[in-house]
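Trainee: A single structure is presented below for examination.
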Amino acid sequence: MSLSKTTAASETAVALPAPAVANRHLAITAVYFAVFVALGLTSASLGPTLLGLAERTGSALGQIGFLFTARSLGYLFGSLLGGRMYDRMAGNLVMGGMLLGVACMLAMIPFSTLLWMLTIVLLVIGLCEGMVDVGGNTMLVWIYQEKVGPYMNGMHFFFGVGALLSPLVVVLVAQLGGATTAGAGIPWTYWTLAILVAPVALSVMRLPSPVAPHAAEGSATARADNRLVFLLALIFFLVVGAEVGIAGWIHTYAFETGVASIATAAYLTSAFWGALTVGRLLSIPLAMRLRPRFILLSDILGCIASICVIIIWPTAAWAVWVGALGSGLAMASFFPTVLSFAERRMTITGRVTSWFFVGSSIGGMTLPWFMGHIFETQGPRAMMSIVLAALVLSLIVYFVIVAWTEKRESA
0 MSLSKTTAAS ETAVALPAPA VANRHLAITA VYFAVFVALG LTSASLGPTL LGLAERTGSA
60 LGQIGFLFTA RSLGYLFGSL LGGRMYDRMA GNLVMGGMLL GVACMLAMIP FSTLLWMLTI
120 VLLVIGLCEG MVDVGGNTML VWIYQEKVGP YMNGMHFFFG VGALLSPLVV VLVAQLGGAT
180 TAGAGIPWTY WTLAILVAPV ALSVMRLPSP VAPHAAEGSA TARADNRLVF LLALIFFLVV
240 GAEVGIAGWI HTYAFETGVA SIATAAYLTS AFWGALTVGR LLSIPLAMRL RPRFILLSDI
300 LGCIASICVI IIWPTAAWAV WVGALGSGLA MASFFPTVLS FAERRMTITG RVTSWFFVGS
360 SIGGMTLPWF MGHIFETQGP RAMMSIVLAA LVLSLIVYFV IVAWTEKRES A
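Take 0 as the starting number for the sequence shown in numbering that gives the first Met the number 0 and just add one per residue.
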């Protein structure tokens, strides 16, 4: 018997009293929340440091935008690999090890002064992030099952906390270090992030791993619905691609259009993540009262309206701020709500979750990269049109999903 299976068996062999089980679940959940703070810190760091990384590597914006592609490509492989590993191994050891890998790679970024070196580092970071993300979302569903909604929104709220703090860390470290150029503040920025992430990685590795619940054989939720999995992966592709595009390029958009200075543009990125964080906090009670499909529709329509504000008034500072805040608020509950929607209609395994993350990683890989090329060749306004197109397509996919699930449930 393998070590991973022995661990799982030992956890299920000892019957713990209900309060002890509840306390253990809360302890694991609290550490998962800390993991997602760390994940938010690293995920949101690329956008505010993009100009500095371009300066240090001597790259143009169109070239440096490939970092989004490399990171998302790694995330894609991490999602595929992670889904299988969490089904077979002690999940917390896998997740903690991957998060420790993120910390090590963050510490390597200041030494990567060539674009190809930096691309490899971002590829590895993406792979580790993908495995951490799949693990947290999958194992939280294993713990709470049909009651996962508020906890899922809470975990993604803490991702938003980390993403909100990340641009502030970038600005604060640069100011404390007396950096006079965008590239000068890069070393201590990423070393600080590595120092913050490493203890969280060690903490999660010390906890017992949740065990996948066994779905009743032949039940409605146990039957695979490949079409629904594909449609949900597609909507992840579109909305997450738009989210990564906004988060990654709103800083450069504001600076290049003259709406904000470099420092103010960093605060604009932080405002986007701050709105996303507040939205996830508000979505916790909403998830207990509203159906996931209604929340999803509201999210997509809110995103479309927010981006339209920027497109109509592209160089007005107030419009860019309203658009960034509105899109962050509207996107807040999308990811956890789709997972809650899926949990009600199928058994969530590591493999199923991995396909959702494959869709999101491909979206995060291709759409921001495409936006970077459009940005450089057609200007910043065209970039926002790509975001709007992705969101409109996601609305169409949403209605297809609703129609398919209603047909399936009535059959």
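C-beta atoms are modelled at their ideal positions from N, C-alpha and C, and glycine is treated no differently.
#1: Identify the continuous alpha helix (DSSP H) that holds Leu114 and give its terminal residues.
#2: Please classify Gly125 as buried or exposed, where buried requires at least 16 neighbouring CB atoms within 10 angstroms.
#3: Would you identify the three-state DSSP class for Trp354, choosing helix, strand or coil?
#4: Would you kindly work out how many angstroms separate the C-alpha atoms of Trp403 and Ile194, rounded to a whole number?
#5: What does the Cβ neighbour count give for Ala329, buried or exposed, with the cut at 16 atoms within 10 Å?
#6: How should Gly81 be labelled, buried or exposed, when 16 other C-beta atoms within 10 angstroms of its C-beta is the threshold for buried?
#7: Give the DSSP-derived three-state secondary structure of Trp317 in the structure shown.
#8: Using 10 angstroms around the beta-carbon of Arg279, count the other beta-carbons present and answer buried if the total reaches 16, otherwise exposed.
#9: Roughly how many angstroms lie between the CA atoms of Ile373 and Ala381, to the nearest whole one?
#10: How is the alpha helix (DSSP H) around Met97 delimited, first residue to last?
#11: Where in the region 42 to 73 do unbroken runs of the beta strand (DSSP E), each at least 3 residues long, occur, reported from the N-terminal end onward?
#12: For the putative contact between Tyr85 and Val133, defined by C-beta atoms under 8 Å, what is the C-beta separation to the nearest angstrom?
#13: In chain order, what residues of the same chain lie with their CB nearer than 7 Å to the CB of Leu233, ignoring the 5 residues before and after it?
#14: Quick one: grab the DSSP three-state call for Val258.
#15: Output yes or no for whether 8 Å exceeds the beta carbon distance between Pro367 and Phe67.
#16: When the distance is taken between beta carbons, is Gly322 closer than 8 Å to Val308?
#17: Is it true that the region 153 to 164 meets the region 262 to 281, where meeting means three or more beta-carbon pairs spaced less than 8 Å apart?
#18: Which same chain residues, not among the five before or five after Met104, have their C-beta less than 6 Å away from its C-beta?
#19: Alpha carbon to alpha carbon, how far is Ala200 from Ile385?
#20: Give the secondary structure of Leu289 by DSSP, where H, G and I count as helix, E and B as strand, and everything else as coil.
#21: Identify the continuous alpha helix (DSSP H) that holds Met151 and give its terminal residues.
#22: Given Leu394, which residues of its chain have a CB within under 6 Å of its CB, disregarding the five upstream and five downstream residues?
#23: I think Val169 touches Ser44, with their Cβ atoms under 8 Å apart; what is that distance to the nearest whole Å?
#24: Going straight from the alpha carbon of Trp190 to that of Val196, what length do you get?
#25: How many Å lie between Pro166 and Pro47 at the Cα?
Mentor: The relevant details are as follows:
#1: 114 to 143
#2: buried
#3: helix
#4: 47 Å
#5: buried
#6: buried
#7: helix
#8: buried
#9: 6 Å
#10: 90 to 107
#11: none
#12: 7 Å
#13: Gly358, Val396
#14: coil
#15: yes
#16: yes
#17: yes
#18: Val120, Val123, Ile124
#19: 36 Å
#20: coil
#21: 147 to 175
#22: Ile299
#23: 7 Å
#24: 10 Å
#25: 6 Å
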